[in-house]
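Trainee: In the numbering used here, the protein residues as written are 69 to 272. Here a beta-carbon is modelled for each residue, glycine too, at the ideal position from N, C-alpha and C. Small disclaimer: the values here were computed from a predicted structure and weren't measured. First, the structure itself, so that you have it in front of you.
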């Protein structure tokens, strides 16, 4: 069934408005979904099974988002707290896989945007991998190795409950790659024994 350009435009705008209403003030995520919708909406409209199954709605809603605080002790003995997230976006074709990013500009919107894109990047490899992204607004710059280690130990204590080689496979990203393997892998191995679930430069 052919649809007019006007009808397609209306459906795109209506869908994107729903995304904005469900995800207020998440501008980075809105942009990613908008670009995606403009590309796939005509195809979805022409195939009733995708429309009837609400496939676009399912593809633009994360499976789950884990939000937690990370408290750690700095070298002066003061307790500091950061926020961390793991956005497990979609595991339809395999375990979640995606990096961890440490940067003061990290927000839930940024990680949803990155996790959403990661789904399709991983799918294009042809390997059975889903998409995820995680991180924290922790800034490793200017921190001592001991401070970063204490932060990572605290973060991995919580995150280890939600990941594993058959469920969710983290990797390095901005602010994390340079921490492999001594600072990031080490506390993870000690805490959970799930070393195989973490991939990065150490494994290559």
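1. How would you label residue 164, buried or exposed, when you count the other beta carbons within 10 angstroms and need 16 or more for buried?
2. If you draw a straight line from the C-alpha of residue 201 to the C-alpha of residue 71, how long is it?
3. Spatial neighbours of residue 94 within its chain, please: C-beta separation below 6 Å, excluding the five flanking residues on both sides.
4. Based on the DSSP output, what are the partners of residue 152 in its beta bridges?
5. Counting only the same chain and skipping the five closest in sequence on each side, list residues whose C-beta sits under 6 Å from that of residue 223.
6. Taking DSSP as the reference, what is the three-state secondary structure of residue 86?
7. Measuring CA to CA, which of 91, 206, 215 and 240 is closest to residue 144?
8. Just curious, the alpha helix (DSSP H) that residue 165 is in, first and last residue?
9. For the putative contact between residue 172 and residue 213, defined by C-beta atoms under 8 Å, what is the C-beta separation to the nearest angstrom?
10. In three-state DSSP terms, what is residue 262?
11. Please state if the CB of residue 192 and the CB of residue 240 are separated by a distance shorter than 8 Å.
12. Across which residues does DSSP place residue 159 in a beta bridge pair?
13. Could you check which residue in 109, 133, 179 and 162 has the C-alpha nearest to that of residue 123?
14. Are residue 99 and residue 131 closer than 8 Å when you measure CB to CB?
15. Quick one: measure Cβ to Cβ for residue 113 and residue 79, integer angstroms, because I've assumed they're closer than 8 Å.
16. In whole angstroms, give me the CA-to-CA distance for residue 92 and residue 107.
17. In three-state terms, what does DSSP make of residue 236?
18. Roughly how many angstroms separate the alpha carbons of residue 270 and residue 166, rounded to a whole number?
19. Pull up the distance between the alpha-carbon of residue 118 and that of residue 125, whole angstroms please.
20. Note down the Cα distance separating residue 146 from residue 203, rounded to an integer number of angstroms.
21. Measuring alpha carbon to alpha carbon, tell me which of 82, 116 and 142 ends up nearest residue 217.
Mentor: In terms of the structure at hand:
1. Locating residue 164 in the chain shown gives position 96, where the first residue counts as 1. Label assigned to residue 164: buried.
2. Position 133 of the chain shown holds residue 201. Position 3 of the chain shown holds residue 71. Straight-line Cα distance between these residues: approximately 36 Å.
3. Within the chain shown, residue 94 is the residue found at index 26, counting from 1. Taken in chain order, the residues that qualify are 177.
4. In the chain shown, residue 152 corresponds to position 84, counting from 1. DSSP lists 136 and 204 as partners of residue 152.
5. Start at 1 with the first residue of the chain shown, and residue 223 comes out as number 155. The answer, listed in chain order, is 138 and 152.
6. Here residue 86 refers to the residue found at position 18 when the chain shown is read from its first residue. Helix.
7. Stepping through the chain shown from its first residue, residue 144 is reached at position 76. Comparing Cα positions, the closest option is 215.
8. Numbered from 1 along the chain shown, position 97 holds the residue referred to as residue 165. Not the alpha helix (DSSP H): residue 165 falls in the beta strand (DSSP E), residues 164-170.
9. What you label residue 172 is simply residue 104 of the chain shown in a count that begins at 1. What you label residue 213 is simply residue 145 of the chain shown in a count that begins at 1. Not quite, the Cβ-Cβ distance comes to about 19 Å (not below 8 Å), so this is no contact.
10. Counting from one through the chain shown, the residue named residue 262 turns up at place 194. No answer about residue 262 holds up, because its pLDDT of 49 lies below 50 and its placement is not dependable.
11. Counting from 1 along the chain shown, the entry for residue 240 is found at position 172. Counting from 1 along the chain shown, the entry for residue 192 is found at position 124. No; because the gap between Cβ atoms is not below 8 Å, this pair is not in contact.
12. Sequence index remark: in the chain shown, residue 159 carries index 91 (1-based). Residue 159 pairs with nothing; no bridge assigned.
13. The sequence position of residue 123 within the chain shown is 55, counting from 1. Residue 109 is the option with its Cα nearest to residue 123.
14. Numbered from its first residue, the chain shown carries residue 99 at position 31. Numbered from its first residue, the chain shown carries residue 131 at position 63. No, the pair does not count as a contact, with Cβ atoms beyond the cut-off.
15. On the chain shown, residue 113 is found 45 positions in, with the first residue counted as 1. On the chain shown, residue 79 is found 11 positions in, with the first residue counted as 1. So it is a contact: roughly 6 Å between Cβ atoms.
16. On the chain shown, residue 92 is found 24 positions in, with the first residue counted as 1. On the chain shown, residue 107 is found 39 positions in, with the first residue counted as 1. The straight-line gap from Cα to Cα measures roughly 23 Å.
17. Walking along the chain shown from the start, residue 236 turns up at place 168. If DSSP states are grouped into helix, strand and coil, residue 236 belongs with the strands.
18. In the chain shown, the residue the question calls residue 270 occupies position 202. In the chain shown, the residue the question calls residue 166 occupies position 98. Bear in mind that a pLDDT of 43 at residue 270, under 50, signals an unreliable position, so the model cannot answer this.
19. Position 50 of the chain shown, counting from 1, holds the residue named residue 118. Position 57 of the chain shown, counting from 1, holds the residue named residue 125. Straight-line Cα distance between these residues: approximately 10 Å.
20. Sequence index remark: in the chain shown, residue 146 carries index 78 (1-based). Sequence index remark: in the chain shown, residue 203 carries index 135 (1-based). One C-alpha to the other measures close to 22 Å.
21. Along the chain shown, one-based indexing puts residue 217 at 149. Closest option to residue 217, Cα to Cα, is 142.
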